[in-house]
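Chemist: The structure's right below; bear with me while I get my questions together.
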Amino acid sequence: MRTVRIAAALALADLMKSGLYGVSPRDRGFFGFAGIMMAATALAACALPARRAARLDPWRALRE
331 MRTVRIAAAL ALADLMKSGL YGVSPRDRGF FGFAGIMMAA TALAACALPA RRAARLDPWR
391 ALRE
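Residue numbers (the numbering used here): 331 to 394.
Structure below.
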């Protein structure tokens, strides 16, 4: 399944070519940076609500 995603990303890279300036659409660093940024965004989106929920008293949350 991973190879299918990589192949799709490389195929769609040609569509991104017009929006990139000075970066090759098949640049490993570009794909790595994009993956790291998506992972960081997902972590922040999950961690902030989880942290807030962890501070709640479980009995109070169940009563309400």
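Just so it is clear, CB atoms sit at the ideal spot from N, CA and C, and this is done for glycine as well.
Compute the distance between the beta-carbons of A337 and F361, then report whether it is under 8 Å.
Modeler: No, the Cβ-Cβ distance between A337 and F361 is not below 8 Å.
Chemist: Determine the extent of the alpha helix (DSSP H) in which D387 is found, giving its start and end residues.
Modeler: Note, D387: premise wrong, no alpha helix (DSSP H); not H, not E.
Chemist: Is V334 helix, strand or coil when you go by DSSP?
Modeler: Note: V334 maps to helix in three-state DSSP.
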